[in-house]
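Q: Numbering (my numbering), first residue to last: 314 to 574.
Idealized CB from N, CA, C, for every residue including glycine.
Could you have a look at this structure, given as structure tokens, before my questions?
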Amino acid sequence: MSIAPDPAEIFDRAVAEGERRLDQSLLEATATSFIAGFTIVFGIATLGVVDALVEPQFGDVAHIAGALTFAVGVVFLVVGRSELFNENFFDPAAKAVDEEGTWLLEPLVRLWILTLAGNLVGGFLFALVFSVDGVLLSGSEHALSRTAEGIVDRPMRGMFASAIIGGALVSLLSYLLQAVNSVGSRITMAYIVGFLLALGPFDHVVVTAIHVFFGLLFDASIGYGALAEIIVVATAGNFVGGIGLVTFTHVAKIMGAEDDQ
């Protein structure tokens, strides 16, 4: 029976993983981010399929069923070790705190920009593949369009607050992955977080942007200006939740535990 790591060990694991991520070459970081972008599309597309199948007979239960399906996409990300934006906040930040004499701001900004750009490009391109006539089950297009319109119709303050929660939830996943010792535990953590993210639904910039892009592809009543606005607002909220609420507080907790020893 394995023993759960203490805060100091969690921090050491995060530092090692953060160093690996920050040391990636441009090609590796871009490819990893691109892979994560198209991987999460599996969860989004199947959410639309399940919604189309379940909603006509069971109404709101379709939302729960879709969330259960979407979570599989997050499992794919974690098992495949690809990187979704703000899932890579905690580990690189831990490395920056551990590094003496520098906050590693340039490598951090480089990593986050590459990750966000790669996620969006990979996700948008794969969404184009799913939008080809005959790929998705009939009715899925309507379900995805309805979701996209619901996202766009919300007030910006609501989206920003939702993105704070989504950013905190996904960054918390990074911490939890360093606190478990087995592949099975990592899969469980990924699935739970993916389910909660979709159940809210809480905004993660990449997931939300791909949802809206699907709506654009399926002729929802939205425009590209709305997509751009959503990316900006959701990114800002994810930073507040992911860096401000989760990353800094957990790093402070771990550093405080080390100081007490």
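1. Which value, in whole angstroms, describes the spacing of the CA atoms of Glu542 and Thr548?
2. Suppose you measure from the CA of Ala533 to the CA of Val448; what does that come to, to the nearest Å?
3. My output table needs one value for Gln337: the three-state DSSP class, helix, strand or coil.
4. Is the distance from the Cβ of Ala456 to the Cβ of Gly372 below 7 Å?
5. Thinking Ala406 and Ala511 are a contact (beta carbons under 8 Å), I'd like their distance in whole angstroms, please.
6. Return the chain-ordered list of same chain residues with a C-beta closer than 6 Å to the C-beta of Glu368, the five sequence neighbours on each side being excluded.
7. Taking the straight line between their C-alpha atoms, what separation do you get for Leu482 and Gln370?
8. Taking the alpha helix (DSSP H) that Ser444 falls in, what are its first and last residues?
9. When the distance is taken between beta carbons, is Ala440 closer than 7 Å to Val354?
10. CA-CA distance, Lys566 and Ile477?
11. Please classify His524: does DSSP put it in a helix, a strand, or coil?
12. Express the C-alpha separation of Glu419 and Ile523 in angstroms, rounding to a whole number.
13. Does the region 377-392 come into contact with the region 325-332, if we say contact requires no fewer than three beta-carbon pairs (one atom in each stretch) closer than 8 Å?
14. Roughly how many whole angstroms lie between the Cα atoms of Ala492 and Ile426?
15. Quick check on the DSSP output: what are the complete alpha helix (DSSP H) runs of length 4 or more inside the region 390-463, in order along the chain?
16. Sort Asp319, Gln337, Arg499, Leu339 by Cα distance to Gly393 and report the nearest one.
17. Below 7 Å between beta carbons: does that hold for Ala365 and Gly507?
18. How far does the alpha helix (DSSP H) with Thr501 in it extend, from its first residue to its last?
19. Tell me which residues share the same chain as Gly555 and place their Cβ nearer than 7 Å to its Cβ, disregarding the 5 neighbours each side in the sequence.
20. Please report the residue range of the alpha helix (DSSP H) in which Arg470 lies.
21. May I ask you to report which of helix, strand or coil DSSP gives Ile357?
22. How about Asp352 and Phe389: do their beta carbons lie closer than 7 Å?
23. If you draw a straight line from the C-alpha of Phe443 to the C-alpha of Glu412, how long is it?
24. Ignore the nearest five residues each way along the sequence and tell me which others in Thr359's own chain have a CB closer than 6 Å to its CB.
25. Starting from Ala533, trace the alpha helix (DSSP H) both ways and give me its first and last residue.
26. Alpha carbon to alpha carbon, what distance is there between Ile316 and His517?
27. Expressed to the nearest angstrom, what Euclidean distance is found between the alpha-carbon atoms of Arg326 and Thr562?
A: Walking through what the data contain:
1. 10 Å
2. 18 Å
3. coil
4. no
5. Rounded, the Cβ-Cβ distance is 26 Å, inconsistent with contact.
6. Ala375
7. 31 Å
8. Where Ser444 is concerned, there is no enclosing alpha helix (DSSP H), given that its DSSP letter is neither H nor E.
9. yes
10. Note on geometry: alpha-carbon atoms of Lys566 and Ile477 lie some 20 Å from one another.
11. Look at His524 here: in three-state DSSP terms it is helix.
12. Approximately 28 Å between the Cα atoms of the pair.
13. No, the region 377-392 is not in contact with the region 325-332.
14. 27 Å
15. Qualifying alpha helix (DSSP H) stretches, in chain order: 403-411, 418-443.
16. Arg499
17. Result no, Cβ atoms of Ala365 and Gly507 do not sit closer than 7 Å.
18. 496-512
19. Excluding residues within five positions, the ones whose Cβ falls inside 7 Å are Asn399, Phe402, Gly480, Ala481, Val483, Ser484.
20. 469-491
21. In the three-state scheme derived from DSSP, where H, G and I count as helix and E and B as strand, Ile357 is classed as helix.
22. With the sequence shown as reference, residue 352 is identified as Thr, and Asp is not the correct amino acid for it. Yes, Cβ-Cβ distance for Thr352 and Phe389 is below 7 Å.
23. Approximately 43 Å between the Cα atoms of the pair.
24. Around Thr359: Thr382.
25. Neither: Ala533 is in no alpha helix (DSSP H) and is coded neither H nor E.
26. When rounded, the distance between both Cα atoms is 32 Å.
27. 17 Å
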